[in-house]
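Some notes on the structure that comes next.
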Amino acid sequence: MALEIRRSVVADAPAARRLGEEAFGSPAARQPEPEARRWPSANVRPWSAHDGAELVAALGVRRFTSWFHGAAVPTAGFAGVTVAAEHRGEGVLGPLFAAALTEAREQGEVVSTLYPSAAGIYRGLGYEVIGSYDEVQLPMSALATVRPPSGEVRARRANPADVEAIRAVYGSWAARQNGPLTREEKPFTAQPEEMFGPDAAYTGVSLAVGPGDEVLGFASWTRGAGYDRTGALEVDDLVALTPDAARALWRVLGSFTAVAGSVRLSTSGGWTGSDPSRLVLPDHTATTTSRPYMLRLLDVAGALGAAHLPPVSAQVPFAVVDPRTPDIEGAWTIVVDDGVAHVRPDAPPAPGAGPERLTFTSAGLALSYAGAASTANLRLAGLVWGPATHDRLWDALWHGRDVHVRDYF
Ligand SMILES: CC(C)(COP(=O)(O)OP(=O)(O)OC[C@H]1O[C@@H](n2cnc3c(N)ncnc32)[C@H](O)[C@@H]1OP(=O)(O)O)[C@@H](O)C(=O)NCCC(=O)NCCS
Numbered sequence: 445m446a447l448e449i450r451r452s453v454v455a456d457a458p459a460a461r462r463l464g465e466e467a468f469g470s471p472a473a474r475q476p477e478p479e480a481r482r483w484p485s486a487n488v489r490p491w492s493a494h495d496g497a498e499l500v501a502a503l504g505v506r507r508f509t510s511w512f513h514g515a516a517v518p519t520a521g522f523a524g525v526t527v528a529a530e531h532r533g534e535g536v537l538g539p540l541f542a543a544a545l546t547e548a549r550e551q552g553e554v555v556s557t558l559y560p561s562a563a564g565i566y567r568g569l570g571y572e573v574i575g576s577y578d579e580v581q582l583p584m585s586a587l588a589t590v591r592p593p594s595g596e597v598r599a600r601r602a603n604p605a606d607v608e609a610i611r612a613v614y615g616s617w618a619a620r621q622n623g624p625l626t627r628e629e630k631p632f633t634a635q636p637e638e639m640f641g642p643d644a645a646y647t648g649v650s651l652a653v654g655p656g657d658e659v660l661g662f663a664s665w666t667r668g669a670g671y672d673r674t675g676a677l678e679v680d681d682l683v684a685l686t687p688d689a690a691r692a693l694w695r696v697l698g699s700f701t702a703v704a705g706s707v708r709l710s711t712s713g714g715w716t717g718s719d720p721s722r723l724v725l726p727d728h729t730a731t732t733t734s735r736p737y738m739l740r741l742l743d744v745a746g747a748l749g750a751a752h753l754p755p756v757s758a759q760v761p762f763a764v765v766d767p768r769t770p771d772i773e774g775a776w777t778i779v780v781d782d783g784v785a786h787v788r789p790d791a792p793p794a795p796g797a798g799p800e801r802l803t804f805t806s807a808g809l810a811l812s813y814a815g816a817a818s819t820a821n822l823r824l825a826g827l828v829w830g831p832a833t834h835d836r837l838w839d840a841l842w843h844g845r846d847v848h849v850r851d852y853f
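In this text, residue positions in the sequence shown follow the working numbering: the first is 445, and each later residue adds one.
Have a look at this one:
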């Protein structure tokens, strides 16, 4: 097979869409052919692989910005990865990803993320599962005993004038986590018409506000049909900056107990670290479905060097050795000066030299950078090796934040 890998053009779009529909399930209604002026969708860089006239694989890359260690990090989000059924197992995925990742690096993206249909597909490409986007179903009975917030905090319905305050609450929460998108890029920019008005995606957006009407939290929810208590209230976001704000919002949702059986909350933290707004719930009853989220670094010095680390001074030599991801192999020393990180490249270890420094695989570095696994456990998994001298210091630098993601792509 003579494989040609390139950015897709509009003439490739129908075949790419057929491939996607076949892989992920067809939409109920037949879609019109894409129009040149509306293709590709906003913020998508489409790539495809071709064998002569046949399109044999496709994917899309979206430029996002994610929060990691208090820094807004340029991120290449991969989605819609498909190889034609007759060409699976022929090794098309590797060169297709290599081309799209090279472009991502050229665009200044320092990490790449994706939601896998199976994690094993992407491990060979250097990605590892660092967290999950979760759907948590809570029976209304679990919300019945949520204590009222203090008299200072109350709930009220949001209106279009609150959009900036809602964005600010999300931003304040997101900046404290590792992983969430900043929501500065399409399709996650939370436009007023998506929240309010006849075409709104939600039945309502509720706010928790303080004594001066300052917004301390929000919940965007969709009521669904029927009132026989078999239905669920769908909650797209519930973000609270104080426990009283969380209580106020949970009580709004719980007030539907006579007409809905449960709340289905889109959240994160099922795999690593709790959603803080759930810590106020007195009843833990819930069922969770998780969509794992994978990370790979594209620029080691760029990603680690942007981090706002704990206010310590430290110096740790480290390396990445992973024949599957030669693009990020190398040796560096991270110098931390009162929390400010500098990552300077060192001469690569001589071939055959023993590991004289803390050494990661691509997956090991992704897990460690995200704060999702300790070096002790990464050693057990074979993703870190070399002297253990700096293990606890390394963990202290990278383990201060929980992994959360709240947008599916
Ligand atoms: C997933 C898909 C893109 C993989 O393409 P492919 O040509 O079969 O992939 P390859 O044979 O080159 O395998 C690449 C790697 O994925 C692994 N892999 C393939 N299918 C897998 C599966 N279902 N579960 C776990 N790992 C899998 C292979 O073992 C291989 O791992 P390695 O690199 O460590 O050896 C293709 O099977 C497909 O289009 N499936 C349907 C749509 C889909 O699931 N897309 C992914 C959306 S996130």
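All residues carry an ideal CB built from backbone N, CA and C; glycine is no exception.
Just so you know, these numbers come straight off a predicted model, no measurement behind them.
Check	Outcome
Quick one, are the C-beta atoms of T666 and E658 less than 8 Å apart?	no
Assuming T626 and A618 make a contact with CB atoms under 8 Å, what is their CB distance in whole Å?	7 Å
On the three-state DSSP scale, how would you describe D606?	helix
Tell whether a beta-carbon distance below 8 Å holds between L682 and A663.	yes
Give the list of continuous alpha helix (DSSP H) stretches no shorter than 4 residues that lie fully inside the stretch 810-837.	819-824
With L685 and S616 assumed to form a contact (beta carbons below 8 Å), what rounded beta-carbon distance in angstroms separates them?	6 Å
Could you check how far apart the C-beta atoms of I449 and A493 are, in whole angstroms? I think they sit under 8 Å.	5 Å
Pairs of beta-carbons, one from the stretch 521-538 and one from the stretch 501-508, closer than 8 Å: are there three or more?	yes
Considering just the uninterrupted stretch of the beta strand (DSSP E) at A493, what are its terminal residues?	488-495
Thinking just about the alpha-carbon of each residue, which of S706, G675, G564, V554 is nearest to the one in R740?	V554
Just to confirm my understanding: we take V780, look at its own chain, exclude 5 residues before and 5 after, and list those with CB closer than 7 Å. What are they?	L753, V756, S757, A758, L841
Going by the DSSP bridge assignment, what does R601 pair with across the sheet?	S650
Is any heavy atom in ligand 1 found nearer than 7 Å to the beta carbon of E628?	no
Is the beta carbon of H786 less than 8 Å from the beta carbon of G749?	yes
Provide the residue(s) that pair with D578 in DSSP beta bridges, ordered along the chain.	T711, S734
On the criterion of 16 or more Cβ atoms from any shown chain inside 10 Å, does F512 qualify as buried, or is it exposed?	buried
Using only alpha-carbon positions, find the residue among G826, F853, V849, L463 that is nearest to W715.	V849
Chain D beta carbons: is any one of them nearer than 8 Å to that of G746?	Looking at the structure shown, chain D is missing, and only one protein chain is on hand.
According to DSSP, what are the bridge partners of Q759?	V779
For S556, is the beta carbon positioned less than 7 Å from some heavy atom of ligand 1?	no
At which residue ranges does the stretch 658-730 contain complete beta strand (DSSP E) runs of 3 or more residues, listed in the order of the chain?	659-666, 676-684, 706-712
Quick check: Y852 and Y614, are their CB atoms within less than 8 Å of each other?	no
DSSP three-state call for F632: helix, strand or coil?	coil
To the nearest angstrom, report how far apart Q551 and L545 are at their CA atoms.	10 Å
Can the beta-carbon of S706 be found closer than 8 Å to that of P583?	yes
Less than 8 Å separating the beta-carbons of L540 and W483?	no
Within the present structure, is the beta-carbon of V500 separated from the nearest heavy atom of ligand 1 by less than 7 Å?	no
By the DSSP assignment, the beta strand (DSSP E) with V787 in it spans what residues?	784-790
To the nearest angstrom, how far is the alpha carbon of G568 from that of P687?	42 Å
Bridge partners of G521, per DSSP?	R506, T557
Taking 8 Å as the threshold, find out whether the stretch 456-467 comes into contact with the stretch 494-503 through three or more Cβ pairs.	yes
Just mark A562 as buried or exposed, buried being the case when its beta carbon has 16 or more other beta carbons within 10 Å.	exposed
Measuring alpha carbon to alpha carbon, tell me which residue in L824, D743, E608 is nearest A548.	D743
According to DSSP, simplified to helix, strand and coil, what is H752?	strand
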